[in-house]
Amino acid sequence: MDRLHDTKFLVVTYVAVVLDPRYKLKYVNWSLEEMYPIGDIACDLKKKLKATLTRLYDFYLEKDPMHARSSSSNKNHNKRKVNVNLIIQEKRMLKYKAHLEDEKTGEVSELERYLSDNQEPSYESFDLLDWWKTNGAKYKILGKIARDVLAVPVSTVASKSAFSTGGRVLDSFRSSLSPKTVQALICTQNWIRGVFNKNAKVGYEDVLKEIEELDEIENGKF
1 MDRLHDTKFL VVTYVAVVLD PRYKLKYVNW SLEEMYPIGD IACDLKKKLK ATLTRLYDFY
61 LEKDPMHARS SSSNKNHNKR KVNVNLIIQE KRMLKYKAHL EDEKTGEVSE LERYLSDNQE
121 PSYESFDLLD WWKTNGAKYK ILGKIARDVL AVPVSTVASK SAFSTGGRVL DSFRSSLSPK
181 TVQALICTQN WIRGVFNKNA KVGYEDVLKE IEELDEIENG KF
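At position 65 of the sequence shown (counting the first as 1) the number is 65 in full-length UniProt numbering, and the numbers step up by one without a gap.
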């Protein structure tokens, strides 16, 4: 497990779980603490995940046309002021006023609002993509992120080859995984493999081992 300390190989998978309103960040953080009760691994992974979520959100926010127009307007306004007086104090005051404006609004980001909102009840017929389609107006930026992150390439595998030894997806040991986890692995195998390259410290087999532990935790076997 020590080798997991410096890797981000499951962050993409964790982001997808966070974007499931039944689980969100609280569930992932709890799972990490259950898996790594000793040492700093859980803490480090939680920090990496939160940082990744924030960077991802900021990236999509900058690409949003409405945000871009607002930012451009503010920059032009500030530029005119700076051109009038280029002293350092004026620049600092402009920055300070922007800071005060941010504090005055007291608004939290869409990401923080989503994470703090109540989790959705879990039931068998819950449709994640349909949920995001319905709530796209409420979470405009996150809706775009979910559309891209959850757009997993579809894989079709014959049942006999799913557990075969040649080019297998799962070996006989992993056939004990829950049907839901097996289905998820088959559908996302290309997606997960795409995270790695030949020089990666952690390989696909390590990911499967990690997913096994998550499966055991969820099904009370851990």
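Here a beta-carbon is modelled for each residue, glycine too, at the ideal position from N, C-alpha and C. Remember, it's a predicted structure, so these values are computed and weren't measured experimentally.
- In the structure shown, ASP127 falls within a coil segment according to DSSP collapsed to helix, strand and coil.
- Straight through space, the alpha carbons of ILE88 and GLU213 are spaced by roughly 56 Å.
- When GLY143, VAL11, VAL149 are compared, the shortest CA-CA separation from THR52 is found for VAL11.
- For the pair LYS24 and TYR96, the Cα-to-Cα distance works out to about 34 Å.
- Look at ASP40 here: in three-state DSSP terms it is coil, with no helix or strand label.
- Per DSSP, the unbroken alpha helix (DSSP H) holding ASN29 starts and ends at 24–35.
- When DSSP states are grouped into helix, strand and coil, TYR139 belongs to the coil group.
- Less than 8 Å divides the Cβ of VAL28 from the Cβ of LEU49.
- Residue state for GLN119 is assigned as coil, using DSSP reduced to three classes.
- Classified as buried, VAL18 has 16 or more neighbouring CB atoms from the shown chains inside 10 Å of its CB.
- Relative to the Cα of LYS209, the nearest Cα in the group MET35, ALA16, ASN135, LYS140 belongs to MET35.
- Annotated as proximal: SER31 and ILE217, with beta-carbon spacing under 8 Å.
- In the same chain as GLU112, and ignoring 5 residues on each side of it, no C-beta atom comes closer than 6 Å to its own.
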